[in-house]
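J.:
Here it is as structure tokens:
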């Protein structure tokens, strides 16, 4: 039951400055810094050592646990060292530093023969070997998602082409420029899950992408393009599932609990590359944008490229930004250094000038109820935060603190500019710590 | 008018009877001992003992689940009273205080970004912490908020414990997201005040007073009380004799000596050659034959005062670098009772 | 610490915030109340102007002084005290004595807001706390009504005192059981435009509705409370009118007379003291409506809006507790609940 929208949510200004800018390939830099944690789960374990020569597409790290992923070198060159380096998550984390020899010598890519008749397990193994993780930003290892435990039956696949974050257009351009890859990737997933039909959800502010994909699937009955009402956070998997199917993911559960699998369009293109060309995940679309950037642009950047190179390619700064955000402005992480590398989940770099960054102190809560009305999950951010501030996190958890998806709608809409989301995060961390203590 | 009086009187009577009945029916038996104990306890309800407030601790005391010393807040007199009430013997324990293991130079420590948001160390730490040093004190005062005794303050962006007020309840230890605070005996005067686990180059690039794991302190320690763990010097409080040798050797001055000034020992001609000092010297700095005057090698002397305390012949004096006697020999009669570790005769 | 030069700002997401702010909301409410204030100055001239001015200045000064006294940051720039002062003024009769206004400011800000902890912490609508306090303490001054200047008559407002307001006349009729009710009491146009005695804000329905629509458009109030409140009063009033047409007035009279429009649009909708969810607001509006009509027709006072709103303010936390929205993906807990939980 498609509702095409969800209750709650907010309307930040769209600011899609780069919607009409075609993707430009960014040349690989001299030094590539590949972090060992670019995915949910255990960090990967290096397969190479200092001094080794590596080829483009070679696996340089293997999964460090069940929920983990392979990592591949995006260039050919020599491993300089393996040491902690600045990471978009804030702390320095172990990374493999490779000196690019500029030759781009590749390994032998091995596609899957005749994937349409291949066994699902073969396809999943190929996806795992290609180091593919959710590229919408969640970075969940795709091969784990595509093999849910047997007690869950999946009957719906939804591809997330929503890109509801302001400023970002990486997925939009991917859909416009490589629609076949997206569709092929979806068909591969359908084959793996044994389903006949999949959906691609796209926000109505991308009419060209909707039209193009509809045209390409006009005679196909296995893919349906669903146009969705423009609202943030339509691209969150839970709101997306609701808008496309009317189902609600149960509290504490995952999409598979209600029979759904959600994947990003970028992941689709990566899957298509891995299966049909044998190419692992080594690069991705990154939107470099913001009012501080001289020429906002969409770049195809290799994993491990320092973001300083991307900003250079976009013409540099027109003024010193107040914030540099990895990802979108609603859920992305602010960066303190331009040395952090592009990871598998870097969908964009938004550089905001001081005029757009509010630095005023919060005012007292007015009990206006805006946060309650706009929360996509019908939580009570004001009461939850009050309890967290008072140290009563157990009661806050009873009100639904752990169900918060951290979309930031409450913080966005609060007229008192209270840091609701930050308090929710603090509360969640305390609940997790308490659970660990008593476990 | 009469009706009004009658009705109100009736209501009053009903309420009184009701309250009386309720106070009988819902009466909660409280052990009078627990009540007395609760009254004596400090009443801070800090939770340091792990029980729900002082009443909870009192109940546990009465049930013999805990010992009196498990309340670190109660002072000596209070503990004596508790012991008397419970009819048990009290063993005195040394006073302990919290110590913040970070002491960067506020005028030199840089920030790697400008932090905006909730004024809490936990919050700033979740974003990586605004200091260049990923291990240092963030200065937003989570520990100050946790302390029930106003025993910790933020000075120049650094947390500092006020030892006189600290009761070592441990709430600040839990509150610090970077685990900088540890409990030490008040007698532990020499402390390593750095928690940076990175290698030397990384440490010195962010803080000049950081521990670079050069091992000089390990070599200088006469009793092997200090060792390198995870690129930081760690002092074993049990073994440490507070001589301060490590602090003097440390090239970055990250080891702090809060004790009195240390002077080198010097033996005068009253020496009877009993060899007691030579036996006890941890650095092997005293030499001499039996019944002959002994001599201290000033280069080896670690200034721990063990020999000074032991000599009963007013023969050992403490001198400064110029040889001036700063502390004259201990008079014969004042033999100190030795109860701290490391000095048993 | 060294100063932060050329360092990027790191903060928790989201990094874009709504352009709204407390200050914006407050001053928008002031703008929405401006038509009613101006109309009252037209009808009552100087007698209205000085009440408004004194009340606003008094409230701002009291808030600043009390903030200093309680060692809290002085935040009068956000305009909240101005709104409260304006609302208090609109609840007072034209020509109120200056000392009464100042006492009102002290009670409104001090007792109505500051003792609770300042902005956002109060349980009761501060302006109504002030008004009710003054009404009970100084009943004569609070019910001395001035005659409004006639519409389009030119010339200044007169000093003349007048007989009761429409509601006052209604109450008199009910108490004396004299059938002088109905439409005959005052013309509708007079009541709608404001050419009737009453407190400053009670008079012009049109000006108030204009302001209310502006707030609705801006999204600072929602339709739930005004519509439910006025609707409930109208329905109940009309029912009683049908029961006894000679004694009880019609729905339209109830709507236009007294402070219902002011209360429903500006006082009951106060964010701090009203429920947060739509469902809660409907219950709130309904409760206000019932109590208002009961006080008006059967209570000791001719006007019940202030008391009704204050009583429902007290019920707001309870309403909020029982109108918690159902969470997305809510899973009801198992029937055999184990005590405690993880802790």
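Residue numbers (my numbering), protein chains in the order written: chain C, 1 to 439; chain R, 1001 to 1345; chain B, 2001 to 2343. All C-beta atoms, glycine included, are put in the ideal place defined by N, C-alpha and C.
(1) With 9 Å as the limit, tell me which residues of the segment 2005-2026 of chain B have their beta carbon closer than that to any beta carbon of chain R; keep them in chain order.
(2) Got a sec: which bits of the segment 1182-1198 of chain R sit with their beta carbon under 7 Å from any beta carbon on chain C, in order along the chain?
(3) Taking buried to mean at least 16 other C-beta atoms within 10 Å of its own C-beta, is residue 462 (chain C) buried or exposed?
(4) Could you check what DSSP says for residue 35 (chain C) in three-state terms: helix, strand or coil?
(5) Just to confirm before moving on: does the CB-CB distance between residue 443 (chain C) and residue 103 (chain C) stay below 8 Å?
(6) What is the residue span of the alpha helix (DSSP H) that residue 373 (chain C) lies within?
(7) Identify whether residue 4 (chain C) lies in helix, strand or coil by the three-state DSSP scheme.
(8) Within 10 Å of its beta-carbon, does residue 2340 (chain B) have 16 or more other beta-carbons around it, so buried, or fewer, so exposed?
(9) Please determine, among B:2055, B:2075, B:2229 and B:2089, the residue with the shortest C-alpha to C-alpha distance to residue 2120 (chain B).
(10) If you measure beta-carbon to beta-carbon, which residues of the segment 419-431 of chain C are closer than 9 Å to chain R?
(11) Quick check: the segment 1134-1151 of chain R against the segment 1167-1175 of chain R, are at least 3 beta-carbon pairs closer than 8 Å?
(12) Figure out for me which residue from R:1117, R:1276, R:1195 and R:1267 has the closest Cα to the Cα of residue 2012 (chain B).
(13) With DSSP as the reference, please indicate the residues paired to residue 1183 (chain R) in a beta bridge.
(14) Buried or exposed for residue 1014 (chain R), please, with buried defined as at least 16 other CB atoms from any protein chain shown within 10 angstroms of its CB.
(15) How is residue 118 (chain C) classed by DSSP in three states: helix, strand or coil?
(16) How about residue 1165 (chain R): is its Cβ closer than 7 Å to a heavy atom in the ligand COA?
(17) If you scan the segment 298-374 of chain C from start to end, which runs of the alpha helix (DSSP H) of 4 or more residues do you find wholly inside it?
(18) Say whether the segment 1075-1089 of chain R touches the segment 1153-1162 of chain R, bearing in mind that this needs 3 or more beta-carbon pairs closer than 8 Å, one atom from each stretch.
(19) Taking CB distances under 8 Å as the criterion, tell me whether residue 2339 (chain B) reaches chain C.
(20) Answer with buried or exposed for residue 2337 (chain B), where buried requires no fewer than 16 other C-beta atoms within 10 angstroms of its C-beta.
(21) Kindly indicate the opening and closing residues of the alpha helix (DSSP H) around residue 2214 (chain B).
(22) For the segment 1122-1145 of chain R, which residues have a CB atom closer than 7 Å to at least one CB atom of chain C, in sequence order?
(23) From the DSSP output, read off the bridge partner residues of residue 263 (chain C).
(24) If you scan the segment 53-119 of chain C from start to end, which runs of the beta strand (DSSP E) of 3 or more residues do you find wholly inside it?
(25) Please compile the residues from chain C whose C-beta is within a distance smaller than 8 Å of the C-beta of residue 1120 (chain R).
(26) Measuring straight from C-alpha to C-alpha, what distance separates residue 1018 (chain R) and residue 1012 (chain R)?
(27) Measure the alpha-carbon distance for residue 187 (chain C) versus residue 263 (chain C) and round it to whole angstroms.
(28) Less than 8 Å between CB atoms is the rule here; does residue 2342 (chain B) satisfy it with respect to chain C?
(29) Taking only beta-carbon atoms, is residue 1056 (chain R) less than 8 Å away from chain C?
(30) Would you kindly work out how many angstroms separate the C-alpha atoms of residue 159 (chain C) and residue 137 (chain C), rounded to a whole number?
(31) Is it the case that the Cβ atoms of residue 2215 (chain B) and residue 2032 (chain B) are separated by a distance below 8 Å?
(32) In or out: residue 2240 (chain B) buried (at least 16 other Cβ within 10 Å) or exposed?
(33) Between the alpha carbons of residue 417 (chain C) and residue 78 (chain C), how many angstroms are there, rounded?
(34) Output yes or no for whether 8 Å exceeds the beta carbon distance between residue 424 (chain C) and residue 401 (chain C).
(35) Does the pairing of the segment 2281-2293 of chain B with the segment 2221-2235 of chain B give three or more beta-carbon distances under 8 Å?
(36) Assign residue 2199 (chain B) to one of three DSSP states: helix, strand, or coil.
T.: So, to answer that:
(1) Within the segment 2005-2026 of chain B, the residues whose Cβ lies closer than 9 Å to any Cβ of chain R are, in chain order, 2007, 2008, 2009, 2010, 2011 and 2012.
(2) none
(3) Outside the shown range of chain C (1 to 439) lies residue 462 (chain C), about which nothing can therefore be said.
(4) strand
(5) Given a span of 1 to 439 for chain C in the structure shown, any question on residue 443 (chain C) remains unanswerable.
(6) First-last of the alpha helix (DSSP H) with residue 373 (chain C): 370-374.
(7) coil
(8) Confidence at residue 2340 (chain B) is low in this model, with a pLDDT of 44, below 50, so the placement of that residue should be treated as unreliable; the coordinate-derived value is given next. Classification of residue 2340 (chain B): exposed, given that the 10 Å Cβ count is below 16.
(9) B:2075
(10) Against chain R - using a Cβ distance shorter than 9 Å - the residues of the segment 419-431 of chain C are 419, 422, 423, 425, 426, 429 and 430.
(11) yes
(12) R:1117
(13) R:1098
(14) By the Cβ-count criterion, residue 1014 (chain R) is exposed, with fewer than 16 other Cβ atoms from all chains shown falling within 10 Å of its own Cβ.
(15) coil
(16) Because no ligand of any kind appears in the structure shown, any question about the ligand COA cannot be addressed here.
(17) 307-313 and 370-374
(18) no
(19) A caution first: residue 2339 (chain B) carries a pLDDT of 47, below 50, which makes its placement in the model too unreliable to give a value.
(20) Since pLDDT at residue 2337 (chain B) reaches only 49, below the 50 mark, its modelled position is unreliable, and the value read off the structure follows with that caveat. With fewer than 16 other Cβ atoms within 10 Å, it is exposed.
(21) 2205-2218
(22) 1122, 1123, 1126, 1127, 1128 and 1134
(23) C:159
(24) 59-62, 77-85 and 93-100
(25) 426
(26) 10 Å
(27) 12 Å
(28) For residue 2342 (chain B), the pLDDT reaches just 41, beneath the cut-off of 50, and the residue's location in the model is therefore unreliable, although a value from the coordinates is still provided. Judged by the 8 Å Cβ criterion, residue 2342 (chain B) is in contact with chain C.
(29) no
(30) If you take the alpha carbons of residue 159 (chain C) and residue 137 (chain C), they lie about 14 Å apart.
(31) yes
(32) buried
(33) 49 Å
(34) If you check the CB distance, residue 424 (chain C) and residue 401 (chain C) come in under 8 Å.
(35) Contact holds: three or more Cβ-Cβ distances are below 8 Å.
(36) If DSSP states are grouped into helix, strand and coil, residue 2199 (chain B) belongs with the strands.
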